[in-house]
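Notes follow the structure.
Protein chains in written order, with our numbering: chain A, 1 to 250; chain B, 1001 to 1544.
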């Protein structure tokens, strides 16, 4: 393992029709670290994840994941990346198992590994019963779990998760947290964006808070609270995004 | 009025974005082109004094109402198509239904909005297809302003009542009989309506212009629906500066009655939607594992699975088979070829099958265009974030399309053998030529279906760039252009036949060369098309 961060951005920015969604973002996420992105709606979290996933081209700055960048090492880098967007890109008329087979083939996963991981993840995420049914009738939560399972079947070195717990039931959220921590222990670097402060506080090693495309605060949950006089993460968030009216009473 | 205002606002907002402008321009340009093509066909017909005189005689001087009735026929045809194919989905599966159903508005308001949307679209189509012919007829009859003022009334009355009735019937059916069988029936009807409309349009635009005028001229007044007849009478009398009260009463009465019936049915809509959503999905396949790991093979299998596991798509293929057999049975477009005494029987049969194959492929080619990129719109981010080679994904998709394009080939071969009595040798020759043609179609499809001008990548997804009409026109023109050498060869043969008699032995001797030429041509176009398509596909998958 080298000291080179798994994810490193310098002055990263993305402009849409004259408006900067992300500005001057400097980020360094260590290998095996679980980094949480917090921010209001439209703060630039999804744009950052899309830039890291290689779906968007930066308007400014540079980024490197595992020492590779999308411009020069596009496919080699993507082989190491797993991206779970907010809306899972499922095919309505494929079954869950068929969808996993499609994703696995895109990432060149051998059949034996695919089937072995698929069975384990389906059991873990409680998808086994629905695995051979068309995705068409699946709930949002099941869709998210299926896409997460499909991405994990590819054994990514870096996992990018956009609002992964939205729409999941409490049991699934718990299993998701355990699964993500397990992935990190196994050496996977995880960067997740979320609105759920509790989740961020419980699972993330470090947290970055984005406001209007700019990283306004960064540190471990304990460091962030200490910097703001030991207040809750909610107060830290409100202060860092400039949208709070001070600490909540009680 | 809130829903109507929202729809109008959405329409008004279209020019504000690049995608909206493309959609708007594409639709207007497409419909304008269609109207111009339709008008040019009609103008050609009316310049034939022999046909016009014959029509005048056969209708006992009533040629104007007869022709106006024929001209207004696109109104109910467009309404039937949109009512069964588009409005049906809107009625029960529109994404906005969730909002409409949860809003504190009357239960009939949502279906009324669907009717308004469908009416708007139907009127656009009806205006493009019927108005040019009606205007030409009225201008030739020296009609005054009254007739022109009544033309919009005729278009509305020809379109909206039928649409309202179709929607009302569907609501009532779903309300009381929702379930697996009805979903299948509705999906089949929608597929039939779509294919039927495309066929009618293709035959209208590319069929012989004289044939269409000759039909009423030789058989007398064609049998028109009574509503169309009333509107034709109304317009014909208005062309003489008179208003026919009976006809006007009939037209307005029909409009009022259909809207009243729709209103009664619309009140059942909330319960109908509930029952539709509760009804089981019609087809479900249970399969475990067994999928390959090679990317092209998985993509090919995925495309085929989406057809086999999607009831609507599967029914579309069955409906298409019925349609092709019907075309073969009725010898549409190929009657003169088969009756041509100058051609040896085998040659006539091969030419007829090739013509029918061309028509069949034209009907499905546009649908396959979406398969290459557009239908993966919401899933595009998956391909973008994957480390796979774009050309491998495209190869899988083209392989699946090739398998699906074998369907028209098989149908025509079977139809040709059955209805034209083609010998096994003639069928084999046709299959060889059609395989070359299929390769040509794939080559054209690979380029057009991935063109970044026609398919636009958006934020993590993909959307239609140049709207359907332009894409369809480009595809049809591209396909025709790619087949130009074959057409040129056929015209040369026809020219040769004017002076020389061709015997069966010569046809047999040349058949392998023709098949070889077709295959070679197909391979060249497919190779070029795939190379260009792969470049396009890479550009579509590149980060923005």
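Virtual Cβ for every residue (Gly too), placed ideally from N, Cα, C.
Secondary structure of residue 182/A (DSSP, three-state): helix. In the three-state reduction of the DSSP assignment, residue 60/A falls in the strand class. Judged by DSSP in its simplified three-state form, residue 9/A adopts strand.
Following the DSSP letters along the chain, one finds residue 39/A inside the beta strand (DSSP E) bounded by residues 34–39. When Cβ-Cβ separations below 9 Å define contact, residue 1074/B makes no contact with chain A.
Straight across, the Cα-Cα distance linking residue 1381/B with residue 47/A is about 13 Å. Residue 1011/B counts as exposed, since fewer than 16 other C-beta atoms from the protein chains shown sit within 10 angstroms of its C-beta. The Cβ atoms of residue 1079/B and residue 1159/B lie closer than 9 Å to each other. Residues of chain A with a Cβ closer than 8 Å to the Cβ of residue 1397/B do not exist, since the nearest Cβ in that chain sits about 12 Å away.
Interface flag for residue 1389/B against chain A is set, since a Cβ pair is found closer than 9 Å. Residue 217/A: not part of any alpha helix (DSSP H); member of the beta strand (DSSP E) spanning 214–219, first to last residue.
Taking C-beta separations shorter than 8 Å and ignoring five residues to either side along the sequence, the partners of residue 5/A in its chain run 28, 29, 30, 31, following chain order. When CB distances to chain B are screened at a threshold of 8 Å, the residues of the segment 104–122 of chain A falling below it are 104, 105, 106, 107, 108, 109, 110, 111, 114, 115, in chain order.
In summary, residue 1376/B is buried, with 16 or more beta-carbon neighbours lying within 10 Å of its beta-carbon over all protein chains present.
At a cut-off of 9 Å, the C-beta of residue 1450/B has no neighbouring C-beta in chain A. Shown here for residue 1324/B: same chain residues with a beta carbon closer than 8 Å to its own, the five before and five after excluded, namely 1356, 1360, 1408, 1411, 1412, 1415 in chain order. Annotation note: the segment 1299–1378 of chain B contains the following uninterrupted alpha helix (DSSP H) runs of length 4 or greater, listed N- to C-terminal: 1311–1329, 1335–1339, 1345–1372.
Close to residue 145/A, with beta-carbon spacing below 8 Å, lies no residue of chain B; the smallest spacing is near 16 Å.
Beta-bridge partners assigned by DSSP to residue 14/A: 22/A.
Taking the Cβ atoms as the reference, residue 82/A lies roughly 6 Å from residue 154/A, within the contact range of under 8 Å. Contact check between the segment 193–206 of chain A and the segment 36–47 of chain A: three or more CB pairs, one atom from each, fall below 8 Å, which counts as touching. The beta carbon of residue 237/A sits closer than 7 Å to the beta carbons of 38, 197, 209 from its chain, once the five residues preceding and following it are set aside; these are given in chain order.
Under the DSSP assignment, residue 191/A falls in the beta strand (DSSP E) whose first and last residues are 189–194. In this structure, the CA atom of residue 1091/B is about 19 Å from the CA atom of residue 136/A. Looking at 1502/B, 1503/B, 1327/B, 1429/B, the one whose alpha-carbon comes closest to that of residue 1511/B is 1429/B. DSSP, read as helix, strand or coil, puts residue 95/A in strand.
In chain order, 1344, 1346, 1347 place their CB closer than 8 Å to the CB of residue 1507/B, counting only its own chain and leaving out the 5 sequence neighbours on each side. One Cα belongs to residue 1121/B, the other to residue 98/A, and the distance between them is close to 38 Å. Residue range 1484–1499 is occupied by the alpha helix (DSSP H) that includes residue 1498/B. Under a criterion of Cβ atoms nearer than 7 Å, no residue of chain A is adjacent to residue 1088/B; the nearest Cβ is some 18 Å distant. Counted as a single uninterrupted DSSP element, the stretch harbouring residue 109/A is not any alpha helix (DSSP H), since DSSP gives it neither H nor E. Proximity of residue 74/A to chain B, defined by a Cβ-Cβ separation below 9 Å, is satisfied. Under the criterion of beta carbons closer than 8 Å, residue 1279/B and residue 1179/B qualify as touching, at roughly 5 Å.
Burial is judged here by how many other beta carbons sit within 10 angstroms of a residue's own beta carbon; residue 1495/B has fewer than 16 and is exposed.
For residue 1401/B, no Cβ of chain A is located within less than 9 Å of the residue's own Cβ. The three-state secondary structure of residue 82/A, taken from DSSP, is strand.
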